[in-house]
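Visitor: Following this message is one structure expressed as C-alpha cells.
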Amino acid sequence: MQTKIEKISALSALAVNNIEEVSENEVTFLSFREKLSLSNISHPDKKNEWKAARLAIKYALDTISLPYPGFYKDEHGKSHAMDGFGFVSLTHTKGLAAAIFHKDMPVGIDLDYVREKIVRLGPKFLDPSELEFLNNDPLLYTIAWSAKESIYKCQGRKGISLKENILLKPFSIQDDLISGKIHQTDHSDHFYQVKAEVEKEMVLTYTIW
Ligand SMILES: CC(C)(COP(=O)(O)OP(=O)(O)OC[C@H]1O[C@@H](n2cnc3c(N)ncnc32)[C@H](O)[C@@H]1OP(=O)(O)O)[C@@H](O)C(=O)NCCC(=O)NCCS
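In terms of our numbering, the sequence shown has 204 at position 198, counting the first letter as 1, and numbering is strictly consecutive.
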C-alpha cells in the first residue's frame, strides 16, 4: 500500500507510513510519558512499529493544523489525547503503520494483508448471515475482519465479540462504504460507517462520520 497523508474533513485526517522509511525520523514531539514507553520497548521491530504509528498521528494532526497533545492508553488499550481533545486510533502490520484522528468523534482504523486462511477462520468472527454474502472470498473476508476491527477499536471496550456483537450489512467488492452495528450488549445499538480501501494485497478500513 502507498504511504499517504489524507485530509478526510476539516476535523479528521489519516496517515499511512512505511515503517522502515520513517524509522530514522525524529520523534522529539512525543510527550515525556510516550518517550518512556518507547524506551521500554526492547524489540527493535516493535519499537519501529510503535514509532511509525505515532509519526502517523503527528502527520495526520499536522494536516488539520492541530498540535500533538501526547497520548496515553486506558485499561482497554485504547489511546486518548492527554489534553482530552479529539480521538485517535492506530494500527500496524508487517511494514506499515497507520493512524486516524478526529477532533470530535471516536474513530477506528485497521490494516490487514489478505490471506487465504482467513476463510477457514470465518466462523470464529462472522455471523451466519455474514458468511452467506461473503461467498468464501478471502478478500471479502479480510474486508469484513478489518471493518469489524475498526468498529471494535472505535468503541474501545474489551469484551465486545467480533462475532456476537458486531454485525455488518451485506456488501460487495464494489462497495467502499460498509455499514455495521454493535448490538446485543448492555448498551443500546450503535451504528457505524466504515470506509474500505483495497490496494494489491492490503486492506485499509476506517470509521467515518
Ligand atoms: C486490540 C485489537 C483490536 C488490536 O488489533 P491488532 O490487529 O492486534 O493490532 P493493530 O496493529 O491493528 O492495532 C494495534 C493498536 O490497537 C490499539 N488498541 C488496543 N486495544 C484497543 C482497544 N480496546 N480499543 C481501541 N484501540 C485499541 C492500540 O493503539 C494498538 O497500538 P499500540 O499498541 O501501538 O498502541 C485486537 O487485538 C482485538 O482485541 N480485537 C478484537 C477482539 C477479538 O474478538 N479478537 C478475536 C476474534 S476471533
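Beta carbons are placed, not taken as given, at the ideal position from N, Cα and C, and that holds for glycine.
Where in the region 27-83 do unbroken runs of the alpha helix (DSSP H), each at least 4 residues long, occur, reported from the N-terminal end onward?
Guide: If we require 4 residues or more, the alpha helix (DSSP H) runs fully inside the region 27-83 come out as 38-45, 50-69.
Visitor: Could you compute how far the alpha carbon of F77 sits from the alpha carbon of S43?
Guide: One C-alpha to the other measures close to 11 Å.
Visitor: Any heavy atom of ligand 1 closer than 7 Å to the Cβ of Y158?
Guide: The answer is yes for Y158.
Visitor: How about I184 and V200: are their beta carbons less than 8 Å apart?
Guide: Result yes, Cβ atoms of I184 and V200 sit closer than 8 Å.
Visitor: How many whole angstroms separate the CB atoms of T276 and V120, which I take to be in contact at a CB cut-off of 8 Å?
Guide: The displayed coordinates of the chain run from 7 to 215. Any statement about residue 276 would go beyond what the structure contains.
Visitor: According to DSSP, what are the bridge partners of F139?
Guide: None; F139 has no bridge partner.
Visitor: So, for K47: in the same chain, excluding its five sequence neighbours on each side, which residues have a beta-carbon less than 7 Å away from its beta-carbon?
Guide: The displayed chain sequence assigns Ile, not Lys, to residue 47. K53, W56, listed in sequence order.
Visitor: Out of K84, N31, K169, state which residue places its alpha-carbon closest to the alpha-carbon of K187.
Guide: Measuring from the Cα of K187, the nearest candidate turns out to be K169.
Visitor: Between K154 and I172, is the Cβ-Cβ spacing less than 8 Å?
Guide: Going by C-beta atoms, K154 is nearer than 8 Å to I172.
Visitor: Let me make sure I understand the geometry here. Which of P50, D51, A62 has the alpha-carbon closest to that of L36?
Guide: Among P50, D51, A62, the Cα nearest to that of L36 is on A62.
Visitor: Suppose the cutoff is 6 Å on Cβ atoms and the five residues either side in sequence are ignored; what does the same chain contact list for A104 look like?
Guide: Cβ neighbours of A104 beyond the five flanking positions: V22, A62, T97, I115, L117.
Visitor: Ordered along the chain, which non-local residues of its own chain (more than five positions away) have a Cβ less than 6 Å from that of G101?
Guide: Correct list, in chain order: I25.
Visitor: Taking the beta carbon of S85 as the centre, do at least 16 other beta carbons fall within 10 Å, making it buried, or is it exposed?
Guide: Per the 10 Å Cβ criterion, buried.
Visitor: By Cβ distance below 8 Å, which residues in the same chain neighbour A87 in space, the five residues on each side in sequence not counted?
Guide: So the qualifying residues of the chain are P75, G76, F77, F93, V94.
Visitor: If I'm right that S152 touches V113 with Cβ under 8 Å, what's the distance once you round it to whole angstroms?
Guide: About 14 Å; that fails the 8 Å criterion.
Visitor: Report yes if the C-beta of S167 is less than 7 Å from at least one heavy atom of ligand 1; otherwise report no.
Guide: Yes; taking the cut-off as 7 Å, the Cβ of S167 has a heavy atom of ligand 1 nearer than that.
Visitor: For the candidate residues F38, S29, E81, L72, whose alpha-carbon lies nearest to that of A59?
Guide: Checked all of F38, S29, E81, L72; the closest Cα to A59 is S29.
Visitor: I'd like to check one pair, D110 with L17: are the Cβ atoms closer than 8 Å?
Guide: Contact: yes.
Visitor: Within the continuous beta strand (DSSP E) that includes F107, where are the two ends?
Guide: F107 -> beta strand (DSSP E) spans 102-108.
Visitor: Measure the CB-CB distance between S156 and Y212 and report whether it falls below 8 Å.
Guide: Closer than 8 Å, so yes.
Visitor: Can the beta-carbon of H196 be found closer than 8 Å to that of Q161?
Guide: Their beta carbons are under 8 Å apart, which means H196 touches Q161 by this criterion.
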